[in-house]
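Trainee:
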Amino acid sequence: NAWDKCLLRGKAKMANLEYEQVKDTNSSSMKKEILKKRREDLKKALENLITQVKFFNTQMFNYFKFLKPIERVNTVVELMESEVEYNI
-13 NAWDKCLLRG
-3 KAKMANLEYE
7 QVKDTNSSSM
17 KKEILKKRRE
27 DLKKALENLI
37 TQVKFFNTQM
47 FNYFKFLKPI
57 ERVNTVVELM
67 ESEVEYNI
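Numbered according to the working numbering, the sequence shown spans residues -13 to 74.
Next comes the structure, spelled out in structure tokens:
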């Protein structure tokens, strides 16, 4: 998935920076610290996004509890159609 690809890219860049560190200590160590910070920020942002999506899903299911069965079907169909339009 996207998260795994991102982590692999980050690890590859970190390995490259560790290799560069042999040649250029100041510049590469600073790049390494910046990359670590960005990676941590990305991880926090993704965790926050996952939390928000879980909350949204809970709210959506709570909303569906109060709908009549036909309203539930219509709402789900509308959501599916909008998702298809979005992905095209």
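Note that CB positions come from ideal geometry on N, CA and C, so glycine has one too.
Can we count alanine -2 as close to the ligand FMN, meaning its CB is less than 8 Å from some heavy atom?
Mentor: Within the structure as shown, the ligand FMN is missing, as the structure has no ligands at all.
Trainee: Under a three-way DSSP split, which group does leucine 53 fall into?
Mentor: Three-state DSSP puts leucine 53 in coil, outside helix and strand.
Trainee: Could you check the C-alpha separation between phenylalanine 41 and serine 13 for me, to the nearest Å?
Mentor: If I take the Cα positions, the gap works out to 42 Å.
Trainee: Taking a contact to mean a Cβ-Cβ separation below 9 Å, would you say glycine -4 touches leucine 35 in this structure?
Mentor: Cβ distance not < 9 Å, so glycine -4 and leucine 35 don't count as in contact.
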